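Notes to accompany the following structure.
There are 2 protein chains.
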Amino acid sequence: MAYQIELRHLRYFLVVAQELHFRRAAEKLCISQPGLSTQIKQLEEGLQLPLFHRDKKKVSLTAAGHYFKEEAAFLLNHLERAKTQLRLLGDGHLGELRIGFLGSAMQRVIPDLLVALKKQNPKVRTSLEELSNRAQIDALQRDRLDMGFVRLKRVPPDMVLYPVYRDTFSVVVPKSHGINAANFKGMHELAQEDFILFSQAYSPLYYDTVMSICEDAGFTPRISHKSVHAHTIFKLVENTLGIAIVPTALQYGFDLKVDFIELKNIRQRAVLSAVWKAQNRNPVLPPTIELLKKLHD
Amino acid sequence: MAYQIELRHLRYFLVVAQELHFRRAAEKLCISQPGLSTQIKQLEEGLQLPLFHRDKKKVSLTAAGHYFKEEAAFLLNHLERAKTQLRLLGDGHLGELRIGFLGSAMQRVIPDLLVALKKQNPKVRTSLEELSNRAQIDALQRDRLDMGFVRLKRVPPDMVLYPVYRDTFSVVVPKSHGINAANFKGMHELAQEDFILFSQAYSPLYYDTVMSICEDAGFTPRISHKSVHAHTIFKLVENTLGIAIVPTALQYGFDLKVDFIELKNIRQRAVLSAVWKAQNRNPVLPPTIELLKKLHD
DNA sequence: AGAATTGATAATCATGGCTTATCAAATAGA
DNA sequence: TCTATTTGATAAGCCATGATTATCAATTCT
Numbered sequence: 145m146a147y148q149i150e151l152r153h154l155r156y157f158l159v160v161a162q163e164l165h166f167r168r169a170a171e172k173l174c175i176s177q178p179g180l181s182t183q184i185k186q187l188e189e190g191l192q193l194p195l196f197h198r199d200k201k202k203v204s205l206t207a208a209g210h211y212f213k214e215e216a217a218f219l220l221n222h223l224e225r226a227k228t229q230l231r232l233l234g235d236g237h238l239g240e241l242r243i244g245f246l247g248s249a250m251q252r253v254i255p256d257l258l259v260a261l262k263k264q265n266p267k268v269r270t271s272l273e274e275l276s277n278r279a280q281i282d283a284l285q286r287d288r289l290d291m292g293f294v295r296l297k298r299v300p301p302d303m304v305l306y307p308v309y310r311d312t313f314s315v316v317v318p319k320s321h322g323i324n325a326a327n328f329k330g331m332h333e334l335a336q337e338d339f340i341l342f343s344q345a346y347s348p349l350y351y352d353t354v355m356s357i358c359e360d361a362g363f364t365p366r367i368s369h370k371s372v373h374a375h376t377i378f379k380l381v382e383n384t385l386g387i388a389i390v391p392t393a394l395q396y397g398f399d400l401k402v403d404f405i406e407l408k409n410i411r412q413r414a415v416l417s418a419v420w421k422a423q424n425r426n427p428v429l430p431p432t433i434e435l436l437k438k439l440h441d
Numbered sequence: 145m146a147y148q149i150e151l152r153h154l155r156y157f158l159v160v161a162q163e164l165h166f167r168r169a170a171e172k173l174c175i176s177q178p179g180l181s182t183q184i185k186q187l188e189e190g191l192q193l194p195l196f197h198r199d200k201k202k203v204s205l206t207a208a209g210h211y212f213k214e215e216a217a218f219l220l221n222h223l224e225r226a227k228t229q230l231r232l233l234g235d236g237h238l239g240e241l242r243i244g245f246l247g248s249a250m251q252r253v254i255p256d257l258l259v260a261l262k263k264q265n266p267k268v269r270t271s272l273e274e275l276s277n278r279a280q281i282d283a284l285q286r287d288r289l290d291m292g293f294v295r296l297k298r299v300p301p302d303m304v305l306y307p308v309y310r311d312t313f314s315v316v317v318p319k320s321h322g323i324n325a326a327n328f329k330g331m332h333e334l335a336q337e338d339f340i341l342f343s344q345a346y347s348p349l350y351y352d353t354v355m356s357i358c359e360d361a362g363f364t365p366r367i368s369h370k371s372v373h374a375h376t377i378f379k380l381v382e383n384t385l386g387i388a389i390v391p392t393a394l395q396y397g398f399d400l401k402v403d404f405i406e407l408k409n410i411r412q413r414a415v416l417s418a419v420w421k422a423q424n425r426n427p428v429l430p431p432t433i434e435l436l437k438k439l440h441d
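Respectively, the protein sequence lines represent chains Y and Z. Quick note: the first sequence uses the numbering used here, first residue 145, plus one each step. Quick note: the second sequence uses the numbering used here, first residue 145, plus one each step.
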């Protein structure tokens with residue numbers, strides 16, 4: 145072991161890795177450039193391999209550097225998080241639970257969970273962030289979230305997926321539309337409509353499921369618009385730019401002039417699942433999972 | 145923020161937390177007891193809460209101390225793991241990039257990438273495997289591949305799709321065919337031909353795209369044969385069993401008696417994309433992605 | 001009480017982190 | 001091509017601070 149690595153090294157390294165420029169990085173860190181250079185050199189000596197290519201006036205990360213950047217960021221983030229958890233613990237709280245969710249989980253599942261959690265243990269603090277499926281998985285992987293609420297059927301192997309809410313789908317039509325909940329016969333009636341859907345990148349499972357609904361009805365939908373916001377979709381429907389198929393839960397919480405026709409008789413369901421990392425040691429997580437299972441039962 | 149926390153603090157703290165005895169811990173750490181005391185005090189100041197009860201001649205952990213012991217151990221262990229990973233990487237053994245690709249990527253994209261990669265970082269080892277779209281996604285999912293080259297427009301949510309090469313399509317006709325590059329008027333001339341295509345299962349996107357090309361020309365193709373190998377397709381064309389539509393790049397690398405008629409004036413393009421798992425931590429991956437983006441620009 | 005622990009404090013030493021001054025190499029501009 | 005500028009690395013010195021020794025107050029044990 146050449147040199148003992150300290151957090152200072154990681155902090156400095158991260159800034160250099162970001163700036164790819166020693167002088168700018170040094171300025172950002174409020175230290176001198178030579179000081180920074182020696183610290184980075186120490187780090188490289190401690191790891192026994194170079195983290196930067198310094199050839200031809202250009203600084204760039206080596207393969208090892210790229211890898212270590214991830215790890216260093218992870219470590220500092222984890223320490224920061226431990227510190228906030230400690231602060232809460234010191235205040236008598238049990239800790240903080242960082243939750244990510246899709247917009248469509250805000251209608252029922254998330255509020256129910258939060259209320260129950262508050263009731264069971266008032267000393268738990270929660271932070272909420274609306275994120276796409278993809279962003280949630282990413283944030284969980286990096287320990288920026290403790291629990292996500294997604295519409296996916298598979299997650300990385302070190303994560304647990306737990307379905308919490310099976311919803312029906314509903315067709316969303318403008319009030320002026322001839323078809324409504326009373327006279328609706330079946331999806332086949334809608335073969336000629338323009339469809340407005342959530343972007344496939346936002347939720348591939350939703351997209352595939354909607355496709356299979358139409359396929360079951362014997363047609364391929366003509367898609368006129370895509371969006372990642374339910375509100376946008378409803379606005380478009382309201383303005384007769386097409387019809388939509390969305391999880392039924394979305395009918396609450398918006399004040400718009402559209403009709404929902406619930407599709408009770410089709411096989412597809414909109415499944416919302418909780419996800420968390422199996423090895424997450426946040427003390428608030430286990431009671432929350434317990435609670436989820438109890439709410440779901 | 146009172147004090148900047150360093151790894152030294154964590155290292156010292158862990159020993160004290162284990163021994164619950166400052167003098168013994170100091171001895172174990174080969175430092176003096178007063179030095180250890182001040183360091184622990186600094187740590188507590190940095191976290192803004194006490195980690196030890198020191199009343200009545202007995203040292204014990206506070207609740208916060210218990211929690212922080214876990215976290216500190218985790219952090220140091222994680223850093224150690226990162227270091228050994230890096231050491232392997234330095235030996236060049238972990239520096240392997242496993243690439244999967246469609247046959248049609250072998251003409252340009254893959255060779256270009258490999259040459260550039262070798263040039264930028266000669267210590268990276270690469271392994272290549274020709275696989276179908278589906279097989280590549282599967283292998284990526286199981287961590288058997290680091291990067292794939294596919295013709296797909298969507299991939300699972302934990303993967304990234306990055307288009308790297310937009311190619312035109314070409315009609316492939318036998319030399320003896322009346323129509324050739326010089327007198328070709330448009331796709332509508334080929335409405336009555338038999339078509340030989342790549343299997344739908346091999347590449348759904350290719351299949352759909354060819355269908356849309358014919359649709360745009362006002363006909364539905366009559367399909368006489370399907371195959372998963374370009375070579376087979378060309379052989380069939382050569383023997384006047386039909387004509388084919390394939391990515392233009394395939395005209396290089398085969399020695400066959402067929403003519404390529406490039407379809408420059410249609411809207412469809414054969415897009416080849418790189419795919420990788422977002423959370424893949426192979427250190428060779430990031431510089432490769434960077435390289436791809438630079439090559440593509 | 002006296003002896004022997006305990007961890008905290010005080011004063012001092014010295015390692016090493018940081019500074020300024022400077023360099024060689026590469027780049028940009030005229 | 002020549003100069004001016006910018007890059008990161010090096011050299012020498014300062015000083016902050018981690019660590020040391022000496023000591024203390026408090027507790028426990030005999």
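Beta carbons are placed, not taken as given, at the ideal position from N, Cα and C, and that holds for glycine. Computed from a predicted model, the values in this text were never measured in an experiment.
- For I149(Z), the neighbours in chain Y by C-beta distance under 9 Å run, in chain order, L151, L223 and K227.
- Across the structure, L334(Z) and H321(Z) are spaced so that their CA atoms are roughly 11 Å apart.
- Setting aside the 5 residues that flank it on each side, A260(Y) is surrounded in the same chain by L435 and L439, each with a C-beta closer than 7 Å to its C-beta; the list follows chain order.
- Residue range G239 to F245 is occupied by the beta strand (DSSP E) that includes E240(Y).
- When the beta-carbon positions are compared, R231(Y) and Q148(Z) stay at least 8 Å from each other.
- Around the beta carbon of D235(Y), fewer than 16 other beta carbons sit within 10 angstroms, so the residue counts as exposed.
- Boundaries for E406(Y): no alpha helix (DSSP H) harbours it, while the beta strand (DSSP E) harbouring it runs V402 to L407, taken from the DSSP string.
- Within the same chain, V316, I340, I377 and V381 come within 6 Å of A388(Z) by CB-CB distance, once the 5 residues on both sides are set aside.
- For H153(Z), no beta strand (DSSP E) encloses it; the enclosing alpha helix (DSSP H) starts and ends at L151 to E163.
- Using a Cβ-Cβ cut-off of 8 Å, N265(Z) counts as an interface residue toward chain Y, since at least one Cβ of chain Y sits closer than that to its own.
- Apart from sequence neighbours up to five positions away, the residues of its chain that approach E274(Z) with a beta-carbon distance below 8 Å are G244, F245, L246, G247 and M250, ordered along the chain.
- In the three-state reduction of the DSSP assignment, K297(Z) falls in the coil class, being assigned neither a helical nor a strand state.
- In the DSSP assignment, F342(Z) forms a beta bridge with S371(Z).
- Of all C-beta pairs linking the region 412-423 of chain Z to the region 285-305 of chain Z, three or more are shorter than 8 Å, placing the two stretches in contact.
- Within the model, the alpha-carbon separation for A169(Y) versus Q229(Z) is close to 26 Å.
- Around the beta carbon of D399(Y), fewer than 16 other beta carbons sit within 10 angstroms, so the residue counts as exposed.
- A check of alpha carbon separations from I175(Y) across L349(Y), P266(Y), S356(Y) and Y156(Y) identifies Y156(Y) as the nearest.
- Taking C-beta separations shorter than 8 Å and ignoring five residues to either side along the sequence, the partners of I281(Z) in its chain run G292, V294, L296, V299, P300, M303 and V419, following chain order.
- Residue pairing by DSSP places A418(Y) opposite F293(Y) and Y306(Y) in a beta bridge.
- Taking CB atoms only, F212(Y) has a neighbour in chain Z less than 8 Å away.
- Here A388(Z) is bridged, per DSSP, to V316(Z) and I340(Z).
- Linking N327(Z) to Y306(Z) through their CA atoms gives a straight-line distance of about 37 Å.
- T270(Z): not part of any alpha helix (DSSP H); member of the beta strand (DSSP E) spanning R269 to E274, first to last residue.
- Any Cβ of chain Z closer than 8 Å to the Cβ of A217(Y) would place that residue at the interface, and such an atom is absent.
- Interface residue (Cβ-Cβ distance to chain Y less than 8 Å): D302(Z) is classified as such.
- For R168(Z), the enclosing alpha helix (DSSP H) covers residues F166 to L173.
- Under the Cβ criterion of 8 Å, D282(Y) is counted among the residues facing chain Z.
- The three-state secondary structure of R366(Y), taken from DSSP, is strand.
- Between R310(Y) and chain Z, the shortest Cβ-Cβ separation is not below 8 Å.
- Think of a sphere of 7 Å around the beta carbon of A422(Z): the chain Y residues whose beta carbon falls inside it are D282, in chain order.
- Taking a Cβ-Cβ threshold of 7 Å, the residues of chain Y close to V428(Z) are A207, in chain order.
- Using a C-beta cut-off of 8 Å, the region 418-432 of chain Z makes no contact with the region 391-409 of chain Z, since fewer than three inter-stretch Cβ pairs fall below that distance.
- The C-beta of R242(Y) comes no closer than 8 Å to any C-beta of chain Z.
- Counting the other Cβ atoms within 10 Å of the Cβ of D199(Z) gives fewer than 16, which makes it exposed.
- Taking 8 Å as the cut-off, the Cβ atoms of S276(Z) and V390(Z) do not count as close.
- Sixteen is the threshold: when 16 or more other Cβ atoms of the shown chains lie within 10 Å of the Cβ of D311(Z), as they do, the residue is buried.
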